[in-house]
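Undergrad:
Protein chains in written order, with UniProt numbering: chain A, 1 to 153; chain B, 1 to 728.
Right under this line is the structure:
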């Protein structure tokens, strides 16, 4: 099938999409946007988090066809050219990035949190990021990054 | 004028001892860093692996006829399509690339499919008909040695005995215990993946996520029947490793499909397949007896431990040696009897995971130290300090610890840290969290301590070295450097460390890290907490060669200074096969933890309230990355303490998903305050001591000790599950 979807502000078209494909597969393999990650492909790890019509979702749990005529923003769409989003900048600065495989999902999820709650408490940050697994950091520096980004936005 | 390294350091920013941003950081936060599963090639096809559903079975037939007829399928391969040696392995070549007439674990690869879409490959796989004669699996590590032999030499992979001092001395106070450690998974987030691209001359390029390019290359070349120079590996982005990428997974498979079809082949495991596709941490059963005098001084330690290596050897021999040589912990004791056994079974293959044998022993010996403290009426910290190893102490192997061993100091540091506030009234900070299972009723707090020891770098006489190349030329009127190695960046930050070393050694701020590949010599494994030590040492040595040619010049015109060198740490020795004596290790690392937990004793739910750590790192080349390693290692130890286990039943994995295999989330992790000591090791570059593994060892027993303190239960098995606490 053919899927028409707006991704990161651009009208895109994917052809020959198999009905069983996920939005994640379409983004990564058909639209050249592998930033959203494939750590579990079953909605447990959050590494594929994208905005679908401004709501964060696990792209692995959304069928590609469900994105028809909708708006998707991926991690690749957060920076303004060479200028990083404050959340991205804070992740690098705070040492929240090690292997980085969880990072795209966490960046999108934290971006959404700070849009909704500009100055979140630690329990609020933890609750918001509870669906995003990280295996490298133990989360301390991710919390540091979100606090730092909140202080700058 | 020629500047000394110290003078050069002050001349540029971003040298050692500082925390510059990682060079791949911006790409990673933008989603533009190319991990192995992100790779794409014009005209590529997808590979998939048919695996055994049985832990132990004879294969009576494999019929691929119908699979080959599926439209979109390019190839279906079995063992008869492996042109070279159909066996590989890190220490013993005992594992088939594709099974021949027997499968020894659930998930063992039998056939490969190459197809135009992952779904096509899956559908074709379902049409491969394999018939089996199912056999009774060997699953008990304690009896495996006398059970059905799974390999020609029997089921004992290695026995490491250590005998030191009196073997029959007695003591005033004796405590014994039997401990079990469940099978932990590395659970790196980036699944096993790679892209194999065939060349027209019959050679091949593989872009791959691994921990050791050269040993992969050697094993792949042997299986493909190609000379090593015709197999070229380039490291792709690696989404974590923790030991799980030391062994081959899809490397040979993708290359076979690519050479067979003439097309680039991408293979990406999903999470379930990843659980079957890599080795895990050895489950263990450990028997200990500690004898002490009335003052708490250890008189003897005797232990017998079993480590379940599963179906293939992987790195079991080295894991067993670690468990044995580090088996009494960071304590002085003159009389030691140790027997450590690694066994073959039909359970999933086990090999390297962060801590590597020291984790299993650590849980047992620290549990014993708590038991001893209780028997003596001493505090857990006091009994540890009473026996704490120091510089100059003698290991059970007879090796003298010849650099800092601040065991008592580390314990005091965590003991003196401020205690967290009392049990919270906010349900988000209580066991069970927003599940709203308690408002504080039934919640009891406990505090526990532990300390651990880990060997750093490869041991037992292994020629452990790395190769580094540093090139300097003028770029836009200034000196610029490039550093090239085959040492794998898996997330730990080696790329940053190498830049920092070059800046410090050469006073050149602009340092490019070239792609890691096999066009340069061996970088050794990214394991055993060794890369900063060994590849760092090689980069430092290459810089010294460059520096002497630079001779203080800041303008070298059109000249290019390009130096490559190998660097190795001091030699180690084999263990005596009867007494286990020998200077087997290069360096020892130490960390101590204090854990504070709240336990809902009615429901058996645990919340770790704080997990503070003190560790000696010799010299923190990058303080931010050092703390990140300690926090990450502590988190994996927390996972083993209270949630992480691959559960098997009759050799079958019951929970191969992140739905059923739980790793800590941000809600499970407490604040972690870290004290970093920098007591230089005179034998190591810059005095550094490997960082990555020690915190994973002491974290687990500290948490379990805290749960014991809260509940009064013996808790001899990790992970501790709710039913262990409620008895239901």
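The C-beta atom is built at its ideal place from N, Cα and C for all residues, glycine as well. Source: prediction; values computed, not measured.
1. Could you work out which residues of chain B lie near residue 81 (chain A), taking near to mean beta carbons separated by less than 8 Å?
2. For the candidate residues B:234, B:180, B:552 and B:280, whose alpha-carbon lies nearest to that of residue 656 (chain B)?
3. Between the alpha carbons of residue 367 (chain B) and residue 692 (chain B), how many angstroms are there, rounded?
4. Would you list, in chain order, the members of the region 650-670 of chain B that have their beta-carbon closer than 7 Å to a beta-carbon of chain A?
5. Give the secondary structure of residue 44 (chain B) by DSSP, where H, G and I count as helix, E and B as strand, and everything else as coil.
6. In angstroms with no decimal places, state the Cα-to-Cα distance between residue 100 (chain A) and residue 63 (chain B).
7. So, helix, strand or coil for residue 473 (chain B), using DSSP?
8. Terminal residues of the continuous beta strand (DSSP E) containing residue 593 (chain B)?
9. Ignore the nearest five residues each way along the sequence and tell me which others in residue 123 (chain B)'s own chain have a CB closer than 7 Å to its CB.
10. Please return the same chain residues whose Cβ sits closer than 6 Å to the Cβ of residue 625 (chain B), not counting the five positions on each side in sequence.
11. Residue 4 (chain A) lies in the alpha helix (DSSP H); which residues open and close that run?
12. Cβ closer than 8 Å: which chain A residues qualify as neighbours of residue 240 (chain B)?
13. Distance check for residue 129 (chain B) and residue 60 (chain B), CA to CA, integer angstroms please.
14. According to the neighbour-count rule (16 or more other Cβ atoms, all chains shown, within 10 Å of its Cβ), is residue 294 (chain B) buried or exposed?
15. Curious, which full-length alpha helix (DSSP H) runs of at least 4 residues does the region 71-114 of chain A contain?
16. Pairs of beta-carbons, one from the region 310-321 of chain B and one from the region 338-354 of chain B, closer than 8 Å: are there three or more?
17. Note the first and the last residue of the continuous beta strand (DSSP E) segment covering residue 444 (chain B).
18. Taking all protein chains shown into account, decide if residue 303 (chain B) is buried (16 or more other Cβ within 10 angstroms of its Cβ) or exposed.
19. Suppose the cutoff is 7 Å on Cβ atoms and the five residues either side in sequence are ignored; what does the same chain contact list for residue 272 (chain B) look like?
20. Using the three-state DSSP reduction, which class does residue 255 (chain B) fall into: helix, strand or coil?
21. Could you compute how far the alpha carbon of residue 429 (chain B) sits from the alpha carbon of residue 135 (chain B)?
22. Within 10 angstroms of its Cβ, does residue 460 (chain B) collect 16 or more other Cβ (buried), or is it exposed?
23. Return yes when the Cβ of residue 689 (chain B) is within less than 8 Å of the Cβ of residue 616 (chain B), no when it is not.
24. Anything in chain A within Cβ reach of residue 35 (chain B), meaning under 7 Å, just list it in chain order.
25. Just to confirm the assignment, what range does the beta strand (DSSP E) spanning residue 40 (chain A) have?
26. Would a check of beta-carbon distances place residue 1 (chain B) closer than 8 Å to chain A?
27. Nearest by alpha-carbon distance to residue 214 (chain B): which of B:514, B:466, B:106 and B:543 is it?
28. Assign residue 8 (chain B) to buried or exposed, taking buried as 16 or more other Cβ atoms, counted over all protein chains shown, within 10 Å of its Cβ.
29. Please name the residue in B:358, B:86, B:556 and B:66 whose C-alpha comes closest to that of residue 248 (chain B).
30. Assuming residue 275 (chain B) and residue 718 (chain B) are in contact, meaning their beta carbons sit under 8 Å apart, how far apart are those beta carbons, in whole angstroms?
31. Looking only at C-alpha atoms, which of B:149, B:73, B:53 and B:76 sits nearest to residue 103 (chain B)?
32. Can you tell me which of A:11, A:133 and A:137 puts its alpha carbon nearest to the alpha carbon of residue 96 (chain A)?
33. To the nearest angstrom, how far is the alpha carbon of residue 20 (chain B) from that of residue 34 (chain A)?
34. Sorted by chain position, which residues of the same chain lie with C-beta nearer than 8 Å to residue 1 (chain B)'s C-beta, five sequence neighbours on each side aside?
35. Going by the beta-carbon positions, is the gap between residue 671 (chain B) and residue 639 (chain B) smaller than 8 Å?
36. With DSSP as the reference, label residue 197 (chain B) as helix, strand or coil.
TA: Per the coordinate set shown:
1. Along the first chain, one-based indexing puts residue 81 (chain A) at 81. None at all; the shortest Cβ gap to chain B is about 11 Å.
2. The residue labelled residue 656 (chain B) in the question sits at position 656 within the second chain. Checked all of B:234, B:180, B:552 and B:280; the closest Cα to residue 656 (chain B) is B:280.
3. Position 367 of the second chain holds residue 367 (chain B). Position 692 of the second chain holds residue 692 (chain B). If you take the alpha carbons of residue 367 (chain B) and residue 692 (chain B), they lie about 23 Å apart.
4. 657, 658, 659, 663, 665, 666, 667 and 669
5. Reading the second chain from its first residue, position 44 is the one you call residue 44 (chain B). Residue 44 (chain B) falls in the coil class under three-state DSSP.
6. Position 100 of the first chain, counting from 1, holds the residue named residue 100 (chain A). Position 63 of the second chain, counting from 1, holds the residue named residue 63 (chain B). For residue 100 (chain A) and residue 63 (chain B), the distance between alpha carbons rounds to 42 Å.
7. Counting from 1 along the second chain, the entry for residue 473 (chain B) is found at position 473. Residue state, collapsed to three classes: strand.
8. The residue given as residue 593 (chain B) occupies position 593 in the second chain. It spans 587-600 - the beta strand (DSSP E) in which residue 593 (chain B) sits, taken as one unbroken run.
9. In the second chain, residue 123 (chain B) corresponds to position 123, counting from 1. Contacts found: 70.
10. Against the second chain, residue 625 (chain B) aligns to sequence position 625. For residue 625 (chain B), where only same-chain residues beyond five positions count, the Cβ hits under 6 Å are 493.
11. The residue labelled residue 4 (chain A) in the question sits at position 4 within the first chain. Not the alpha helix (DSSP H): residue 4 (chain A) falls in the beta strand (DSSP E), residues 3-7.
12. Here residue 240 (chain B) refers to the residue found at position 240 when the second chain is read from its first residue. Simply 98, 99, 101, 135 and 136.
13. Mapped onto the second chain, residue 60 (chain B) falls at position 60. Mapped onto the second chain, residue 129 (chain B) falls at position 129. Each residue's CA atom was taken as its position, placing residue 60 (chain B) and residue 129 (chain B) some 11 Å apart.
14. Taking the first residue of the second chain as 1, we reach residue 294 (chain B) at position 294. Taking every protein chain shown into account, the CB of residue 294 (chain B) has fewer than 16 other CB atoms within 10 angstroms, so this residue is exposed.
15. Uninterrupted alpha helix (DSSP H) stretches at least 4 residues long and entirely within the region 71-114 of chain A occur at 86-94, given in chain order.
16. yes
17. What you label residue 444 (chain B) is simply residue 444 of the second chain in a count that begins at 1. Counting along the chain, the beta strand (DSSP E) containing residue 444 (chain B) begins and ends at 443-456.
18. To locate residue 303 (chain B), count along the second chain from 1; it is residue 303. Burial call: buried.
19. Position 272 of the second chain, counted from the first residue, corresponds to residue 272 (chain B). If we look at residue 272 (chain B) and ignore the five residues flanking it on each side, its Cβ neighbours are 656 and 657.
20. By one-based count along the second chain, residue 255 (chain B) stands at place 255. Here residue 255 (chain B) sits in helix by DSSP.
21. On the second chain, position 429 is the one that residue 429 (chain B) refers to. On the second chain, position 135 is the one that residue 135 (chain B) refers to. Residue 429 (chain B) and residue 135 (chain B) have their alpha carbons spaced roughly 49 Å apart.
22. On the second chain, position 460 is the one that residue 460 (chain B) refers to. Around the C-beta of residue 460 (chain B), 16 or more other C-beta atoms lie within 10 Å, and the residue is accordingly described as buried.
23. Here residue 616 (chain B) refers to the residue found at position 616 of the second chain. Here residue 689 (chain B) refers to the residue found at position 689 of the second chain. Contact flag set, yes.
24. Translated into the one-based positions of the second chain, residue 35 (chain B) becomes position 35. Within 7 Å Cβ-Cβ: 101.
25. What you label residue 40 (chain A) is simply residue 40 of the first chain in a count that begins at 1. Element bounds for residue 40 (chain A): n/a, residue is neither H nor E.
26. Walking along the second chain from the start, residue 1 (chain B) turns up at place 1. Because residue 1 (chain B) carries a pLDDT of 38, less than 50, the predicted location of this residue cannot be relied on, and no value is offered for it.
27. For the purposes of this step, residue 214 (chain B) is identified with residue 214 of the second chain, where counting begins at 1. Looking at the Cα atoms, B:466 is the closest of the given residues.
28. By one-based count along the second chain, residue 8 (chain B) stands at place 8. Reliability fails at residue 8 (chain B), whose pLDDT of 49 lies under 50, so the model's placement of it is uncertain and no value is given.
29. Taking the second chain and counting its residues from 1, one reaches residue 248 (chain B) at position 248. For residue 248 (chain B), the nearest C-alpha among the options comes from B:86.
30. Counting from 1 along the second chain, the entry for residue 275 (chain B) is found at position 275. Counting from 1 along the second chain, the entry for residue 718 (chain B) is found at position 718. The C-beta separation of residue 275 (chain B) from residue 718 (chain B) comes to about 19 Å, leaving the pair out of contact by the 8 Å criterion.
31. To locate residue 103 (chain B), count along the second chain from 1; it is residue 103. Taking only the C-alpha atoms, the option nearest residue 103 (chain B) is B:53.
32. Your numbering for residue 96 (chain A) matches position 96 in the first chain. Residue 96 (chain A) has its Cα closest to that of A:137, out of A:11, A:133 and A:137.
33. In the second chain, the residue the question calls residue 20 (chain B) occupies position 20. In the first chain, the residue the question calls residue 34 (chain A) occupies position 34. Taking the straight line from one Cα to the other gives about 27 Å.
34. Position 1 of the second chain, counted from the start, is the residue given in the question as residue 1 (chain B). Reliability fails at residue 1 (chain B), whose pLDDT of 38 lies under 50, so the model's placement of it is uncertain and no value is given.
35. Taking the second chain and counting its residues from 1, the one referred to as residue 671 (chain B) is at position 671. Taking the second chain and counting its residues from 1, the one referred to as residue 639 (chain B) is at position 639. No.
36. Along the second chain, read from residue 1 onward, the residue named residue 197 (chain B) stands at position 197. If DSSP states are grouped into helix, strand and coil, residue 197 (chain B) belongs with the strands.
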